[in-house]
Amino acid sequence: MPTTTNQLDAEALYQTLLGQVKGGLHGVQDAAIIGIHSGGAWLAERLAADLGLKDRLGFIDVSFYRDDFAKKGLHPDVKPTHILFNVDRANIVLVDDVLYTGRTTRAAINVLFDYGRPARIMLAALADRGGRELPVAADFVATSVALEANQSLALARAGDGQFSLTIEEDHA
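Quick note: the sequence shown, position 136, residue 136 per the UniProt record's numbering, numbers continuous.
What follows is the structure in structure tokens.
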């Protein structure tokens, strides 16, 4: 059942996600974790540390791969894509903080294929807010959240690494 509060327990959700990913990777060879900047990168860092995959951790920025790039322009906070391991035949957990339309996931998969051909890509998200525009589903998701069209989920990371997840009003 979707959650409908203004503050979600992001640490409890992270533990749920960690358990799902750990179970999903049990016995999987050549596993790697790649986070989508920025919330997905924060989650991926922590997952890699907790799963002993720090040497198989990467980060991607999908800014130039978005299908709405021409309309939205370049985001002022573009981060570098950083993948230092062989993507070919790897079993990759692609991590994002919030799954929404599926367009970020599609763009991230395009980035990954520029680096090689993975054996498998599994999607992990802390929260799924619905509203899909593309046929994308997460393999691992800690919660589903029902939001109004004028709302969004915002993941934050404190200096000590602790996560918080809040529902915010969009004022666009």
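The C-beta atom is built at its ideal place from N, Cα and C for all residues, glycine as well.
Keep in mind that this is a model prediction, so the values were computed, not measured.
Cβ pair residue i, residue j closer than 8 Å
i: residue 60; j: residue 37; result: yes
i: residue 63; j: residue 78; result: yes
i: residue 31; j: residue 163; result: no
i: residue 98; j: residue 132; result: no
i: residue 165; j: residue 126; result: yes
i: residue 134; j: residue 103; result: yes
i: residue 46; j: residue 91; result: no
i: residue 52; j: residue 44; result: no
i: residue 65; j: residue 107; result: yes
i: residue 58; j: residue 84; result: yes
i: residue 40; j: residue 122; result: no
i: residue 124; j: residue 138; result: yes
i: residue 114; j: residue 105; result: no
Counted within 10 angstroms of its Cβ, other Cβ atoms place residue i as buried (16 or more) or exposed
i: residue 168; result: exposed
i: residue 140; result: buried
i: residue 21; result: buried
i: residue 117; result: exposed
i: residue 89; result: exposed
i: residue 70; result: Because the pLDDT of residue 70 is 47, which lies under 50, any placement of that residue in the model is unreliable, and the number read from its coordinates should be weighed accordingly. Exposed, because fewer than 16 other Cβ atoms sit within 10 Å of the Cβ of residue 70.
i: residue 142; result: buried
Secondary structure of residue i, DSSP reduced to three states
i: residue 96; result: strand
i: residue 91; result: strand
i: residue 155; result: strand
i: residue 104; result: helix
i: residue 113; result: helix
i: residue 70; result: Model confidence at residue 70 stands at a pLDDT of 47, short of 50, so the residue's coordinates are unreliable; what they give is reported in the following sentence. Three-state result, residue 70: helix.
Span of the alpha helix (DSSP H), counted from its first residue to its last, around residue i
i: residue 49; result: 39-51
i: residue 20; result: 10-25
DSSP beta-bridge partners of residue i
i: residue 57; result: 33
i: residue 165; result: 8 and 155
i: residue 140; result: 124
Element boundaries [beta strand (DSSP E), containing residue i]
i: residue 127; result: 120-128
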